[in-house]
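Q: Mapping the sequence shown onto my numbering, position 2 (from 1) lands on 2, and the numbers just tick up by one. Even for Gly, the Cβ is constructed at its ideal location relative to N, Cα and C.
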Amino acid sequence: MTADFEIKKQKVVHTWAAWSLVQGSFSDPLGNDFTRTYVSSPGAVGVVALLGEKSARQVILVNQYRPPFNEKTLEIPAGMRDKQGEDSVVTARRELEEEAGFTAGTLLSIGSHESAPGISNARVDLFLATDLVETKVDRHGPEEQFMTIRYIAFNETLEMIKRGEITDGKTIIGLLMVAQNFSHYL
């Protein structure tokens with residue numbers, strides 16, 4: 001419920017790439033003023049891409065170096081919505097092709113989540129891709145140049161989550177959403 005809170009003022013204090021650092025002044029329901037600083041983001045997309053027949057579905061995951069953790073993480077193909085005005089469906093199709101080298105005959109929106117609502121307005125739109133056709137990988141940047149692609153049985157990815165081998169939030173949420181709400185695709 002935001003009706004009881006009021007935004008009094010917001011000011012961009014720093015901008016870099018697609019992000020901005022915003023300082024805001026707010027009032028709570030009792031009229032008390034407070035300030036918060038957060039990262040404004042254009043958001044991102046993530047794609048749970050399924051290969052193979054229903055009885056033997058595999059998920060396409062990428063193993064990509066992530067500098068903040070100084071390690072590689074196993075993730076669904078994903079990317080920033082950093083092209084001005086680009087619809088998230090278009091971004092999802094582009095990222096699937098750039099990172100994994102596939103186009104999707106079917107691309108369904110399966111939901112979204114806020115990745116860090118206490119410090120950012122970033123929202124990740126999640127998609128399910130099926131009827132995949134292999135194309136050419138078109139990677140950008142050093143992290144993507146050295147990423148590897150893995151094809152893992154869908155049920156095994158759920159076990160990998162339990163064992164702590166898949167730790168990326170959007171990947172866990174996307175896989176669990178497909179398992180829970182879109183199992184007829186499995």
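Less than 9 Å separating the beta-carbons of Gly105 and Thr130?
A: yes
Q: I believe Pro77 touches Ala49 by the beta-carbon criterion, under 8 Å. Please report the beta-carbon distance rounded to the nearest angstrom.
A: 6 Å
Q: If we ignore side chains and look at the alpha-carbon of each, how far apart do Thr103 and Arg150 end up?
A: 16 Å
Q: Out of curiosity, what's the CA-to-CA distance linking Phe146 and Pro68?
A: 17 Å
Q: According to DSSP, simplified to helix, strand and coil, what is Gly85?
A: coil
Q: Taking Asp28 as the reference, which of Pro142, Ile7, Val124 and Pro42 has the closest Cα?
A: Cα-wise, what sits closest to Asp28 is Ile7.
Q: List in chain order: all unbroken beta strand (DSSP E) runs of 3+ residues lying wholly within the stretch 77-154.
A: 78-80, 102-114, 123-134 and 148-153
Q: Which same chain residues, not among the five before or five after Glu114, have their C-beta less than 6 Å away from its C-beta?
A: Arg123
Q: Which residue wins for smallest C-alpha separation from Thr148, given the options Arg139, Asn155 and Glu156?
A: Arg139
Q: Taking one C-beta from the stretch 7-27 and one from the stretch 36-48 each time, how about it: are there three or more such pairs within less than 8 Å?
A: yes
Q: Within a Cβ cutoff of 8 Å, which residues of the same chain sit near Gln10, ignoring the five residues on either side of it in sequence?
A: Once the five neighbours on either side are set aside, the close Cβ partners of Gln10 are Val22, Gln23, Gly24 and Ser25.
Q: Under the three-state reduction of DSSP, which class applies to Met1: helix, strand or coil?
A: Note on Met1: pLDDT 49, under 50, position unreliable in the model; the coordinate value appears next. Coil, per DSSP.
Q: Can you tell me whether Asp87 is buried or exposed? The criterion is at least 16 other CB atoms within 10 Å of its CB, across all chains shown.
A: exposed
Q: Measure the CB-CB distance between Gly141 and Gly46 and report whether it falls below 9 Å.
A: Taking 9 Å as the cut-off, the Cβ atoms of Gly141 and Gly46 do not count as close.
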